[in-house]
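Since the structure comes first, as structure tokens, the remarks are kept for the end.
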Amino acid sequence: MGIKADFRKRYYRKKSDKRKGIEAAFTLDAQFEVGDELAVFFGRSGSGKTTALQCISGLLEPNGGKIIVNGNVYFDCHKRINLPVQQRSLGYVFQSYALFPHMDVKKNIAYGLKGWEEKDKEERIDDMLQMLDIKGLENNYPSQLSGGQKQRVALARALAPKPDILLLDEPFSALDRVVRMKLREKIKEIQRELKIPVLFITHNHVEAFTIADKVVVFHDGRVQQIGTPEEVFYHPKNCHVAELVGVTNIFEDSSVIKDDEMAGTLTIGCENLKITAKRPDYQVKETISWGIRPENLRILPVTDETIKDENTLHACVKSMVNKGSSKTLALEIKEHENLMIAEISDQFFENLNLKEDDRCLVRIERDRIVLF
Amino acid sequence: MFDQIGFPLLITLKIAGLSTLIVAITGMVISYILARRDFRGKWLADIVVTLPLVLPPTVTGYLLVVLLGKKGALGSILYNLTGWSIVFTWQAAVIAAFVVSLPLMVKTTTAAIEAVDREYEYAAFTLGRKELDTALFITLPLAKKGILAGIVLSFARAVGEFGATLMFAGNIPGRTNTMSISIYSAFQAGNNELANTLVIILIVMSLLSMAITAKVINNWKI
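Taken in sequence, the protein lines are chains V and L.
Numbering (the UniProt record's numbering) for the first sequence: 1 to 372.
Numbering (the UniProt record's numbering) for the second sequence: 1 to 222.
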């Protein structure tokens, strides 16, 4: 079972705009299918991922299309079906947790269990406390809990009524790294155990990559790509997806100079830059976009005369940011107006001993070039 | 002694208490609707409810007589049916107090409800709870400080009500002579001793109610 969605939601600047036929300020056009798996909605803020989640939950009404969950029609524009939120079987975890501050943990979890037999209710609450490792906190109020504990209670509350689907809106954005990692594992574990569709919103590509069975990439109100984390991470479909998954250095619409099937290489030129990449397994057109991640750029000292190939360029260090365990460099090359962003490890950086305005060589690893 | 101090005190508490009870209930309903619903003519509803706050109380009292008096639009129907008129009764004083104190309740409570994060309500909806259920167990409890403030203000306003009550309920000894009106009468009659006593009782009452409210609100964690 799973979610089948194909719907549109339009936002207008003013209410009267819709009547007057003025174009919507933002349109979400979402199409995706999710099975009993953990699907990550991935995109920047404002890309439409939260709107999509709210349409599925029924907190927002789409302007058109269909939403079907486990065979139940939640929304169908043509048949004029719009199931109220209360009748959709879903667990929703809000970014701010939204735990009721005037109720203790136990009452919060019990809130969705209206109409249950007292005995079943007690049992279910106990199961939930166990499942999320929050036993002993049942009499605490939300203000007495840490961020991680609040998130666990929010999950317990959402899961207590045995929902058909679980929706999580950036659930870990306010948590520190360690707690976040633990909770990611917890969510994965819960999904494996319950075998229900779980939709998880994030704008963090590391989070998307580590947790997802399937990634749905949103940009500008449209679904750009759907695939496994590997597909999206290593084979982004377009420059929007590439940028989102961390391919910072992007060169759009470069011309294909030579497509050498024998050697398995592709030579691309843009402005004065000429680069050789590994040939993709599909037929290329006249132009192609490509990019390279900052961590896949190799920085070499200028004195290193041994390396001479077309993918090695002379560069000048424009600026430098220390990120603790690594350094981010902005490099100017004479062949192209774009600055190249490189990330190198501390250890490696020490050997180079670079300062701003120093010259160096930058090597674009052929196998690491991302084509789209 | 009872006629001069005891009766005004009791009738004031009765009128202000009853009017505040009605104000509290209708005020919460109106405030919830104003804070959470969007409907055509909302601005007009807001103005109508707020109007008595800006109108001189004598004008409010006059309008009440015009509307509910023996010859009034609604009052005449009531009089023809039952032979009874509300004017110059303690019930009229309740209505006058209700009308002038309702805006205070609505303004304070609407602001308090608007300040409740809607995500709590959305969370309740996703947990299968209907809107009425959510309003009663989530929204209003989370707005309780503002609601209590509204109730206290309304009660104080009802106790102090003078102009509209005088116009609509009159100053009838043993029937509608509330504390505020009795102070005025005593002062007019040159009975300063009585005026002083009544004034002191009112001041003590006001201080007490403020102190109790502050104590209650302090003990609320949320």
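C-beta: ideal position from N, C-alpha, C; glycine also.
How about residue i: is its C-beta nearer than 8 Å to some C-beta of chain L?
| i | result |
| --- | --- |
| V85(V) | yes |
| K114(V) | yes |
| F100(V) | yes |
| S96(V) | yes |
| P161(V) | yes |
Which first and last residues belong to the beta strand (DSSP E) in which residue i is found?
| i | result |
| --- | --- |
| R180(V) | Not the beta strand (DSSP E): R180(V) falls in the alpha helix (DSSP H), residues R177 to L194. |
| T27(V) | F26 to V34 |
| R129(L) | Unbroken run through R129(L): none, as it is neither H nor E. |
| residue 374(V) | Coverage of chain V is limited to positions 1 through 372, which leaves residue 374(V) absent and any answer about it impossible. |
| R222(V) | R222 to G227 |
| S326(V) | S326 to I333 |
| residue 375(V) | Coverage of chain V is limited to positions 1 through 372, which leaves residue 375(V) absent and any answer about it impossible. |
| G75(L) | Not the beta strand (DSSP E): G75(L) falls in the alpha helix (DSSP H), residues G75 to T82. |
Is there a Cβ of chain V sitting closer than 8 Å to that of residue i, yes or no?
| i | result |
| --- | --- |
| F39(L) | no |
| E114(L) | no |
| E119(L) | yes |
Note down, in chain order, every chain L residue with its Cβ under 8 Å from the Cβ of residue i.
| i | result |
| --- | --- |
| Y111(V) | A124, L127 and R129 |
| Y92(V) | Y122, A123 and T126 |
| P171(V) | Neighbours of P171(V) on chain L: none; closest Cβ ~13 Å, over 8 Å. |
Can you tell which of the options has its C-alpha closest to the C-alpha of residue i?
| i | options | result |
| --- | --- | --- |
| G324(V) | R124(V), S345(V) and N338(V) | S345(V) |
| K106(V) | R19(V), Q283(V) and Y141(V) | Y141(V) |
| F98(L) | T20(L), D3(L) and G150(L) | T20(L) |
| E286(V) | L266(V), P62(V) and G35(V) | L266(V) |
| L68(L) | G146(L), K144(L), A115(L) and A92(L) | A92(L) |
| L127(L) | G148(V), K150(V), F94(V) and M131(V) | F94(V) |
| I217(L) | S206(L), F155(L), G146(L) and L166(L) | G146(L) |
| S214(L) | I201(L), T82(L), L53(L) and A149(L) | Sequence inspection shows Ala at residue 214(L); the Ser mentioned does not correspond to that position. Checked all of I201(L), T82(L), L53(L) and A149(L); the closest Cα to A214(L) is A149(L). |
| F349(V) | K334(V), V321(V), H336(V) and E332(V) | V321(V) |
| residue 391(V) | A277(V), K150(V) and V223(V) | Nothing can be reported for residue 391(V): it is not among the residues displayed for chain V, which extend from 1 to 372. |
| W290(V) | G246(V), V73(V), K195(V) and H78(V) | G246(V) |
| C270(V) | M128(V), H219(V), P84(V) and H336(V) | H336(V) |
| E37(V) | F100(V), K214(V), C316(V) and K278(V) | K214(V) |
| R8(V) | Q87(V), C55(V) and R19(V) | C55(V) |
| V178(V) | G71(V), E207(V) and K318(V) | E207(V) |
| Y122(L) | A115(L), V23(L), I113(L) and T134(L) | T134(L) |
| S31(L) | L198(L), L102(L), F2(L) and L74(L) | L102(L) |
Just curious, the alpha helix (DSSP H) that residue i is in, first and last residue?
| i | result |
| --- | --- |
| M105(L) | W90 to E114 |
| V362(V) | Note, V362(V): premise wrong, no alpha helix (DSSP H); beta strand (DSSP E) at R359 to I364. |
| I48(L) | Note that residue 48(L) is Val in the sequence shown, not Ile. K42 to V54 is the extent of the alpha helix (DSSP H) around V48(L). |
| Q347(V) | D346 to L352 |
| Q54(V) | K49 to S57 |
| V66(L) | P57 to L68 |
| R157(V) | G147 to L159 |
| V23(L) | F7 to R36 |
| N139(V) | Taken as a continuous stretch (DSSP letters only), N139(V) belongs to no alpha helix (DSSP H), as it is neither H nor E. |
| Y92(V) | Y92(V) -> not in any alpha helix (DSSP H); beta strand (DSSP E) instead, spanning L90 to V93. |
| L313(V) | Not the alpha helix (DSSP H): L313(V) falls in the beta strand (DSSP E), residues T312 to N322. |
| C239(V) | C239 to L244 |
| G150(L) | K144 to G160 |
| L202(L) | N192 to N219 |
| R19(V) | K15 to K20 |
Since residue i meets chain L, which of its residues come closer than 9 Å, beta carbon to beta carbon?
| i | result |
| --- | --- |
| L38(V) | In chain order: nothing, as chain L lies at least about 19 Å away. |
| S57(V) | Y122, F125 and T126 |
Check the C-beta distance from residue i over to residue j and give it rounded, since I have them as a contact under 8 Å.
| i | j | result |
| --- | --- | --- |
| E310(V) | E343(V) | 23 Å between Cβ atoms; not a contact. |
| A195(L) | I183(L) | 5 Å |
| P197(V) | G21(V) | Contact flag wrong, Cβ pair sits at about 37 Å. |
| F372(V) | A242(V) | 6 Å |
| P163(V) | S96(V) | Going by Cβ atoms, the distance from P163(V) to S96(V) rounds to 20 Å, so no, they are not a contact pair. |
| M179(L) | P57(L) | Contact flag wrong, Cβ pair sits at about 16 Å. |
| G160(L) | M105(L) | Contact doesn't hold; Cβ gap of about 15 Å is too wide. |
| L199(V) | I226(V) | About 13 Å separates the two Cβ atoms, so there is no contact after all. |
| L167(V) | S57(V) | 6 Å |
| T202(V) | E170(V) | 6 Å |
| residue 376(V) | I333(V) | In the structure as shown, chain V starts at 1 and stops at 372, and residue 376(V) therefore has no counterpart that could be examined. |
| A5(V) | I81(V) | No, A5(V) and I81(V) are not in contact; Cβ-Cβ is about 14 Å, not under 8 Å. |
| G61(L) | A164(L) | 4 Å |
| A169(L) | W90(L) | 7 Å |
| L99(V) | A154(V) | 6 Å |
List the residues of chain V that residue i touches, going by C-beta distances under 9 Å, in chain order.
| i | result |
| --- | --- |
| I217(L) | Simply none; closest approach about 14 Å. |
| L132(L) | Chain V residues near L132(L): none, gap ~12 Å exceeds 9 Å. |
| V142(L) | It is worth fixing the name first, because residue 142(L) is Leu in this sequence and not Val. Result: F100, P101 and H102. |
Could you name the residues of chain V that residue i contacts, counting a contact when the two beta carbons are closer than 8 Å?
| i | result |
| --- | --- |
| I138(L) | F100 |
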